[in-house]
Each structure stands twice: as C-alpha cells, then as structure tokens.
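Position 158 of the sequence shown, counting from 1, maps to 505 under the working numbering, and the rest follow consecutively.
Where is the CB? At the ideal position from N, CA and C, for every residue including glycine.
Note that this is a predicted model, so its numbers are computed, not measured.
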Amino acid sequence: MRRGTRGSGRGDCLSPCNPASFDNPLDFIAEEHLRERQICAQIEHIASDERPASFDVEHVLSFLDSEYGDHMRDETQELFPLLLERCEPEDDIGHVVERLNVDYAGAGKLVARVSRILRACLTRTYDLSRTDRKVLLSFVAHARRHLIVENAIVLPLARARLSGEDLAAFRLHILRRRGFVPHE
C-alpha cells in the first residue's frame, strides 16, 4: 500500500492529495485540479529557466509518473461514465465527455514527450532547446484548457447529478487505485 507516501490532503498543492481525507470524491478531484495548476506553473518556470532546478524537475516528474495517470483514470473510468449515466438530456454532457476523453488520449502522448524532456534536464549537460520549451508550454496550455472545462462544466454537473451511492462508489475506487483500500 502507498499510504505512507501521500500528503495530508488539503494544503499547499505541493504535496500529493490524500483522498482518504475527503468525504466527497468531487472535493478530492477539485483539490487535485488545484495541484495540477501548481504543476503547470512549475513547468512554466522550468521552461523559462536556463538551468532548471533538479528539485522542480523531479517534483513535476513525480506528478506525471504517478498522480497524473491516477487522476486521468479517476475521471475516464469512473467520473465520466457516471456522468453519462446520471445526467439529463438537457445537460448535453455527452459531447463534453467525448472531447475530454479525446483530450486525455492526446495528453498521453504529450506527457510522454514532457517526461522525456524533463528526464534529460536531470543530466547536468542538457540544455532545453526552443522545441523543448514549446513542448512544455504546449502541455501547460493543454492542461489548463482541460481544467477549465472540468471545473466549469463537469464538476458542477457531477455535484448536481451524482447520488450519495455514486459518490461513495467513486470514492472507494479512488482509494483502491491509490492503495488505501485493498482490491477485492
């Protein structure tokens, strides 16, 4: 279990969020969105720095290597299907979910490129090229657009449409994915 590696939940956005400290999984997702915005700011800083600090690079890599994938699966495997099931036709959520799923598919390739660039930064002899900087900033722009849609449309609809049972099941999946609860 990864229990000991997680942060204390709500806080500085520098430490991973602890899903066990949130009763409502949507609050946890919102907190992860704040953390992702902080990571985007760090990536911008790395892209603008002549010699990025290895701590910053390692911090972003840690997020991309573990938290980002978990968050993506929370949404694509749990939240989005629940929304498609629970939303009313007038909510018109289908095209939003489709767009977000396509975004995540594209983000996977971009994350791989960003990770390769950042790993190269950890070597003392690597300087970021103009192309590297563009890739980093492209990821930031992509992530921020995605977060805007999720914060403005997805989370409010989820708060309005998901039942207590939906939220309890969603929370359990989040906890299992992160090793807080054993898999059945």
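So, is residue i buried or exposed, given that buried needs 16 or more other C-beta atoms within 10 angstroms?
i: R353; result: Any reading at R353 must be qualified, since the residue scores a pLDDT of 36, below 50, and its modelled position is unreliable; the value itself is stated next. Buried, by the Cβ-count rule.
i: E432; result: exposed
i: E378; result: buried
i: L418; result: According to the sequence displayed, residue 418 carries His and not Leu. Under this definition H418 is a buried residue.
i: V449; result: exposed
i: R492; result: exposed
i: A488; result: exposed
i: R518; result: buried
i: E319; result: Coverage of the chain is limited to positions 348 through 531, which leaves residue 319 absent and any answer about it impossible.
i: R382; result: buried
i: N365; result: buried
i: A421; result: Per the sequence presented here, residue 421 reads as Asp, with Ala not at that position. Under this definition D421 is a buried residue.
i: A452; result: exposed
i: A490; result: buried
i: R350; result: Caution is warranted here: a pLDDT of 31 is assigned to R350, below 50, making its placement in the model unreliable, and the coordinate value is therefore given only provisionally. Counting Cβ neighbours within 10 Å, R350 comes out exposed, since fewer than 16 surround it.
i: E512; result: exposed
Return the residue from the list the options that minimises the CA-CA distance to residue i.
i: P363; options: E397, Q424 and Q385; result: Q385
i: A505; options: H418, S401 and L426; result: L426
i: S510; options: R471, C434, E445 and R463; result: C434
i: S401; options: A516, F527, V528 and T470; result: T470
i: A459; options: L411, R398 and S368; result: L411
i: P399; options: F527, R480, I440 and V444; result: R480
i: V444; options: G526, P428, R463 and E414; result: P428
i: V461; options: V404, A516 and H442; result: V404
i: S413; options: G455, T472 and A516; result: G455
How would you write the range of the alpha helix (DSSP H) that residue i sits in, first residue to last?
i: E445; result: G441 to C468
i: Y415; result: Y415 to R420
i: I495; result: R477 to V496
i: V404; result: S401 to S409
i: D396; result: Unbroken run through D396: none, as it is neither H nor E.
i: R508; result: L502 to R508
i: L519; result: G511 to R524
i: P428; result: F427 to R433
So residue i and residue j are supposed to be a Cβ contact under 8 Å. How far apart are they, rounded?
i: F375; j: I521; result: 6 Å
i: L502; j: L465; result: That pair is no contact at about 29 Å.
i: C468; j: L475; result: 7 Å
i: L483; j: P372; result: In fact, because the Cβ distance is near 30 Å, the residues do not count as touching under 8 Å.
i: R524; j: L430; result: Wrong, their Cβ atoms sit about 18 Å apart, outside the cutoff.
i: H406; j: Q424; result: Going by Cβ atoms, the distance from H406 to Q424 rounds to 26 Å, so no, they are not a contact pair.
i: H380; j: L494; result: 5 Å
i: F527; j: A394; result: Not a contact, Cβ separation roughly 34 Å.
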